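Each residue of the sequence shown is one higher than the one before, starting from 68 at the first, in the numbering used here.
Idealized CB from N, CA, C, for every residue including glycine.
Note that the coordinates shown come from a computational prediction; the quantities given were computed from them, not determined experimentally.
Here's the structure, in structure tokens; my notes come after.
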Amino acid sequence: MDSAKISSTAIANKIENNPFSARPIYGNFSLLLLGVIFITMLPHYFKLYSAPANVPVAFVVHGIVYFAWFVLFAVQSNLIALKKSAIHKKLGYFSLILLAALIIRVAHQL
């Protein structure tokens, strides 16, 4: 047997037996991150709901766009963990729209 073939087979076996090779941590971490964001921001939304006249529209847009980015991150990560890469790729085009919105939002703040 060729030594290159043996080493590539050994590497493939090592990757296959590695618990992190399937990258399940990204899906779980994204859900944890989304939960932390939701819990930490929830009190602020209740304050805003009680006095909506004082909230600038730019602030609301900022919250919606950035929360949508983290939701998309969670969905994308879990789609890959579920081995649904076709849906993941289609949803990736929406991430370009969100990226443009994030850049515009940051440029507007400067």
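{"Asked": "C-alpha distance - I147 paired with V138, whole-angstrom precision", "Found": "14 Å"}
{"Asked": "Residue range of the unbroken alpha helix (DSSP H) whose run includes K156", "Found": "S152 to Q176"}
{"Asked": "Contact between the stretch 98-108 and the stretch 122-141 (3+ Cβ pairs under 8 Å)", "Found": "yes"}
{"Asked": "Segment limits, alpha helix (DSSP H) that includes A148", "Found": "V124 to A148"}
{"Asked": "C-alpha gap between S181 and I106, whole angstroms", "Found": "The displayed coordinates of the chain run from 68 to 177. Any statement about residue 181 would go beyond what the structure contains."}
{"Asked": "Same chain only: Cβ atoms within 6 Å of I92, ignoring 5 sequence neighbours per side", "Found": "none"}
{"Asked": "8 Å contact criterion, which H111 and R172 should meet: CB distance rounded", "Found": "With 8 Å as the limit, H111 and R172 do not qualify as a contact, their Cβ atoms being about 18 Å apart."}
{"Asked": "Contact check, L158 vs Q143, beta carbons under 8 Å", "Found": "yes"}
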